[in-house]
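Inspection log for the structure reproduced underneath, given as structure tokens.
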Ligand code: XMP
């Protein structure tokens, strides 16, 4: 072997050698770094598709946590539009949870039912004035007459100050040059029809919808159907089911009868209602997944719903993974105590640093043919890259809790905006319904239960799209550095090094005063 190869092989170890060499020390994200490798791919060429089961494929391996300050319908819609998945929490009434799932499954994204229109007798200058006044980010408008009949399309390239005195009717593309689709042709599946249209008409990025009288009824834009959102024009596809609806997940609680036994009827009936609404993934979320009750609940749901994708957890041992796999899950949540709001390790003295937990879990998952999800402790995109060298997707709470689409009010303190973010094991959240997740009876929350999570605030971080795009950008860079064009190759090519405390310091920015700029996004 050549000296260069030998050096790398001896110092930058593959997972099996690396974690064995560090035994019995538990390692987490900041304890390690990945070595860069020969690459033939640009970050923009990398593929981020992952699978949770035969039925559920995500375009991006990021899942929003089933927490009551993170995921309800709005967050789940945005996560699916960005190619990921949202798990709707269960700290709400069963009916309300069904409604949140409905919002996602019946969300018709892309169809703008009230598009902004202009009239043929307006001047381009008036249109520019409207764009500036209403702060529109787009410059292309359908043109309609007084009866709302489609007469043309004003394209962005002519909406310029130098044409300000030109009439819209003189600058627009005429009706005879436009392709419009009849409302009734959209049938039950508008997105599918629009998607097919854009696939067949490369170069056209707007699809007009008209009624029988040729009156404008709506507008699809390609950027909303499949989003072209970064400079390299990399295409982010929404995560959809076989019927083209957005994917949606939801957590369920392991309801119990007064005698402590599982309330099978309640669980089956609620999961049945969720499935009727089109739910794709059910999560049996608890703090201790390697337990009799969770095993029973998974077996019950698997028995009744053989094709439903089931996630359960949380565990940090290989035996825990094997146990849940045998009970019938498709994917196991791994993580006990790494979460930003978690106090489980402090309160109960248990839990395993996340990278070691993921490694141990990944060996059992591989043997059992199930997936693993890295749940908790992700605070930057580099953590996602590291987690995905062992896991199939990551679950994020804190990093998304400051987003506009997360539930909860915005609070202002000293001129800064914050959103509430709380652990599902905090007293407040347990009182609202999540006690069972931490092994407590609902009525005991205020008397006996010790909190395993805190109530906190997150600085408001803008829309999910912006936050997830940044994470995706970092993830793609990571793949690029490792010479991996997809997530399978990332796992195969990962080589690890342990980082000393001084190395951790070196990894962060140091000896500078940082200046924040808005940048392009
Ligand atoms: P991050 O780090 O993304 O973690 O904010 C989110 C994950 O943390 C878990 N979780 C908790 N763990 N006490 C805990 O020990 C809690 O109160 C709590 N609430 C949430 C959960 O796995 C989530 O996805």
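In the numbering used here, the protein residues as written are 468 to 988.
In this text, a Cβ means the ideal position worked out from N, Cα and C, and glycines have one as well.
Item, Value
"With DSSP as the reference, label residue 500 as helix, strand or coil.", "strand"
"In whole angstroms, what separates the C-alpha of residue 933 from that of residue 951?", "24 Å"
"For residue 978 and residue 846, I'd like the C-alpha separation in whole angstroms.", "22 Å"
"If we ignore side chains and look at the alpha-carbon of each, how far apart do residue 974 and residue 861 end up?", "22 Å"
"Spatial neighbours of residue 960 within its chain, please: CB distance less than 7 Å, with the 5 preceding and 5 following residues excluded, ordered by chain position.", "504, 949, 950 and 951"
"Just to check my reading of the structure: residue 783 and residue 819 have Cβ atoms closer than 8 Å, yes? What is that Cβ distance to the nearest angstrom?", "4 Å"
"Report back the beta-carbon spacing between residue 801 and residue 831 to the nearest angstrom; my notes put them in contact at under 8 Å.", "Actually they are not in contact, since the Cβ atoms of residue 801 and residue 831 sit about 10 Å apart, beyond 8 Å."
"Starting from the C-beta of residue 808, find all residues in its chain whose C-beta is less than 6 Å away, skip the five residues before and the five after it, and write them out in chain order.", "890, 920, 921 and 923"
"Return helix, strand or coil for residue 891, following the three-state DSSP convention.", "coil"
"Which two residues bound the contiguous beta strand (DSSP E) that contains residue 936?", "First-last for residue 936: 931–949, but that is the alpha helix (DSSP H), not the beta strand (DSSP E)."
"For the segment 653–669 against the segment 606–625, do three or more pairs of beta-carbon atoms, one drawn from each stretch, fall closer than 8 Å, so that the two count as touching?", "no"
"When the Cα atoms are used, what is the spatial distance from residue 912 to residue 788?", "29 Å"
"I need the DSSP call for residue 700, collapsed to helix, strand or coil.", "Unreliable placement is indicated for residue 700, whose pLDDT of 44 sits below 50; the coordinate value is still reported in the next sentence. DSSP places residue 700 in coil when its eight states are reduced to three."
"So which of 917, 497, 675 and 717 has the shortest CA-CA distance to residue 542?", "717"
"Rounded to the nearest angstrom, what separates residue 705 and residue 551 at their Cα positions?", "7 Å"
"Cβ-heavy atom distance between residue 919 and ligand 1 below 6 Å?", "yes"
"By how many angstroms is the C-alpha of residue 750 removed from the C-alpha of residue 778?", "5 Å"
"State the DSSP-derived secondary structure class of residue 886, mapped to helix, strand or coil.", "strand"
"Put residue 805 into one of helix, strand or coil per three-state DSSP.", "coil"
"Return helix, strand or coil for residue 811, following the three-state DSSP convention.", "helix"
"By the 10 Å Cβ neighbour count, where 16 or more other Cβ atoms means buried, how is residue 547 classified, buried or exposed?", "buried"
"Indicate the three-state DSSP secondary structure (helix, strand or coil) for residue 736 in the structure shown.", "helix"
"Could you give the C-beta distance for residue 839 and residue 828, rounded to a whole number, given that I count them as a contact under 8 Å?", "5 Å"
"Counting along the chain, where does the alpha helix (DSSP H) carrying residue 852 start and finish?", "848–854"
"Please return the same chain residues whose Cβ sits closer than 7 Å to the Cβ of residue 765, not counting the five positions on each side in sequence.", "751, 777, 779, 791, 794, 795 and 796"
"Measuring only from the beta carbon, is residue 758 closer than 6 Å to any heavy atom that is part of ligand 1?", "no"
"Beta carbon of residue 716: closer than 6 Å to some heavy atom of ligand 1?", "no"
"Counting pairs of Cβ atoms below 8 Å between the segment 755–771 and the segment 486–497, do you hit three or more?", "no"
"Buried or exposed, going by whether 16 or more other CB atoms sit within 10 Å of the CB of residue 573?", "exposed"
"Taking 6 Å as the cut-off, is the CB of residue 865 close to at least one heavy atom of ligand 1?", "yes"
"Roughly how many whole angstroms lie between the Cα atoms of residue 514 and residue 561?", "37 Å"
"Do the CB positions of residue 888 and residue 538 come within less than 7 Å of each other?", "no"
"How would you write the range of the alpha helix (DSSP H) that residue 664 sits in, first residue to last?", "657–667"
"Reducing DSSP to helix, strand and coil, say where residue 582 ends up.", "coil"
"Look up residue 725 in the DSSP assignment and say whether it is helix, strand or coil.", "coil"
"Considering only DSSP beta bridges, list what residue 620 is partnered with.", "609 and 640"
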